[in-house]
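Taking it in order: structure first as structure tokens, then the write-up.
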Amino acid sequence: MILNSLPKFSLFGIDVDYKDANIICLPIPYDSTTSYQSGTRNGPREIINASRFIESYSLELNKDLSYLKIFTEDELAPNYNSPIDTINDIKKEVNAILEKKKIPLLIGGEHTITIGAILAFYELGIKDLFVVHFDAHTDSYDEFQGSKFTHATVISRVREKFDYISIGIRSIDKGSLELLNSKKIIDIDRSRDIDFVSRLINERKESNIYITFDFDVLDPSEMPSVGTPEPNGMYYREIISIMKKIKKNVIGLDFTEFMPIPNLAYPNFLAAKLIYNTLGIFF
Numbered sequence: 035m036i037l038n039s040l041p042k043f044s045l046f047g048i049d050v051d052y053k054d055a056n057i058i059c060l061p062i063p064y065d066s067t068t069s070y071q072s073g074t075r076n077g078p079r080e081i082i083n084a085s086r087f088i089e090s091y092s093l094e095l096n097k098d099l100s101y102l103k104i105f106t107e108d109e110l111a112p113n114y115n116s117p118i119d120t121i122n123d124i125k126k127e128v129n130a131i132l133e134k135k136k137i138p139l140l141i142g143g144e145h146t147i148t149i150g151a152i153l154a155f156y157e158l159g160i161k162d163l164f165v166v167h168f169d170a171h172t173d174s175y176d177e178f179q180g181s182k183f184t185h186a187t188v189i190s191r192v193r194e195k196f197d198y199i200s201i202g203i204r205s206i207d208k209g210s211l212e213l214l215n216s217k218k219i220i221d222i223d224r225s226r227d228i229d230f231v232s233r234l235i236n237e238r239k240e241s242n243i244y245i246t247f248d249f250d251v252l253d254p255s256e257m258p259s260v261g262t263p264e265p266n267g268m269y270y271r272e273i274i275s276i277m278k279k280i281k282k283n284v285i286g287l288d289f290t291e292f293m294p295i296p297n298l299a300y301p302n303f304l305a306a307k308l309i310y311n312t313l314g315i316f317f
């Protein structure tokens with residue numbers, strides 16, 4: 035008797051060897067600095083699980099994406115000594131991926147994981163890089179709850195190394211208000227002008243971009259599975275439209291702050307499909 039088997043427990047069920055992959059998925063179940071609801075540590079596993087059951091053909095892109103060569107690493111064990119220890123562990127893993135000339139794809143876990151990836155790019159001497167940040171929040175506190183390394187300080191640490199643009203902002207600290215007119219922070223109304231946002235990115239002198247995506251940029255009606263939801267968010271279709279218009283070379287990505295809700299499956303599939311189509315657009 036021949037038994038049927040489920041897709042491999044890897045991102046999109048893709049089964050390739052590390053040496054043959056051009057994209058390396060690094061799941062990071064870390065949420066030690068969350069300030070409201072915890073649970074994003076469960077995000078990577080649920081996104082990967084849902085991803086195994088989506089169709090390989092993308093209607094949004096009108097093509098089959100089964101050609102993607104993605105290797106899924108084992109989950110990176112969180113280091114509970116301190117956030118900086120976890121960041122250093124992530125930096126080492128991303129360094130190893132970059133040294134093999136492959137694309138790191140991080141799935142969180144909280145947004146703090148981005149800092150480790152950015153430090154890896156910086157320490158390898160990659161200068162031709164611009165960070166594209168999708169988020170409901172600016173994440174631009176210099177220090178939060180006594181630490182410079184939390185989900186609320188990510189962009190402050192990013193801008194110490196690379197220039198950036200934040201898209202979809204609808205919650206902002208007073209200290210960041212001046213950035214609203216600097217084209218660093220694009221509020222929700224201007225973010226809906228797809229041509230405006232894509233033009234700001236495409237006009238940059240840098241050839242390469244790193245995309246960091248916080249799922250709370252999406253409206254809670256479409257994406258309730260986040261720790262700090264904000265009303266009046268962007269929608270999946272708007273995000274995909276922006277991605278399609280970006281004409282830069284993507285050399286790294288992360289998707290963060292997905293907090294699964296038990297017995298509510300549709301956000302898991304939305305998260306997986308957004309990642310799938312993003313990869314299909316750029317690779």
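Using the working numbering, the final residue of the sequence shown is 317, and nothing's skipped along the way.
A virtual CB, placed ideally from N, CA and C, is assigned to each residue, including glycine.
All of these numbers come straight from a predicted model, not from anything done at the bench.
Compute the Euclidean distance between the alpha carbons of residue i and residue j, then round it to the nearest angstrom.
{"i": "Ile219", "j": "Asn129", "result": "29 Å"}
{"i": "Leu308", "j": "Phe289", "result": "10 Å"}
{"i": "Met35", "j": "Leu99", "result": "With a pLDDT of 43 at Met35, under the threshold of 50, the modelled position of this residue cannot be trusted; read the value that follows with caution. Taking the straight line from one Cα to the other gives about 32 Å."}
{"i": "Ile82", "j": "Leu153", "result": "25 Å"}
{"i": "Asp253", "j": "Arg204", "result": "11 Å"}
{"i": "His145", "j": "Ile199", "result": "16 Å"}
{"i": "Gly142", "j": "Thr120", "result": "12 Å"}
{"i": "Asn122", "j": "Lys182", "result": "14 Å"}
{"i": "His171", "j": "Pro258", "result": "16 Å"}
{"i": "Lys278", "j": "Lys217", "result": "21 Å"}
{"i": "Glu89", "j": "Phe43", "result": "16 Å"}
Since residue i is in the alpha helix (DSSP H), which residue starts that stretch and which ends it?
{"i": "Thr312", "result": "Tyr300 to Phe316"}
{"i": "Ser225", "result": "Ile222 to Ser225"}
{"i": "Met277", "result": "Tyr270 to Lys279"}
{"i": "Lys125", "result": "Pro117 to Glu133"}
{"i": "Arg32", "result": "In the structure displayed, the chain extends from 35 to 317; residue 32 sits before or after that span and is not available."}
Is it the case that the Cβ atoms of residue i and residue j are separated by a distance below 8 Å?
{"i": "Phe230", "j": "Arg238", "result": "no"}
{"i": "Leu158", "j": "Leu132", "result": "yes"}
{"i": "Gly209", "j": "Met268", "result": "no"}
{"i": "Ile118", "j": "Cys59", "result": "no"}
{"i": "Ile206", "j": "Asn266", "result": "no"}
{"i": "Ile189", "j": "Asn242", "result": "no"}
{"i": "Ile149", "j": "Arg191", "result": "yes"}
{"i": "Pro263", "j": "Gly77", "result": "no"}
{"i": "Glu109", "j": "Pro63", "result": "yes"}
{"i": "Ser240", "j": "Leu163", "result": "Residue 240 is actually Glu in this sequence, not Ser. Against a cut-off of 8 Å, the Cβ pair of Leu163 and Glu240 comes out as a contact."}
{"i": "Leu313", "j": "Leu102", "result": "yes"}
{"i": "Glu94", "j": "Ile274", "result": "yes"}
Using DSSP bridges, identify the partner residues of residue i.
{"i": "Lys97", "result": "Ser92"}
{"i": "Tyr19", "result": "As shown, the chain starts at 35 and ends at 317. That puts residue 19 outside it, with no answer to give."}
{"i": "Thr106", "result": "Cys59"}
{"i": "Leu140", "result": "Leu60 and Asp288"}
{"i": "His171", "result": "Ser205"}
Since residue i contacts residue j with CB under 8 Å, what's their CB separation in whole angstroms?
{"i": "Val251", "j": "Asp169", "result": "5 Å"}
{"i": "Ala84", "j": "Asn302", "result": "4 Å"}
{"i": "Phe292", "j": "Ala305", "result": "5 Å"}
{"i": "Ile57", "j": "Ile137", "result": "5 Å"}
Ends of the beta strand (DSSP E) at residue i?
{"i": "Tyr198", "result": "Asp197 to Ile203"}
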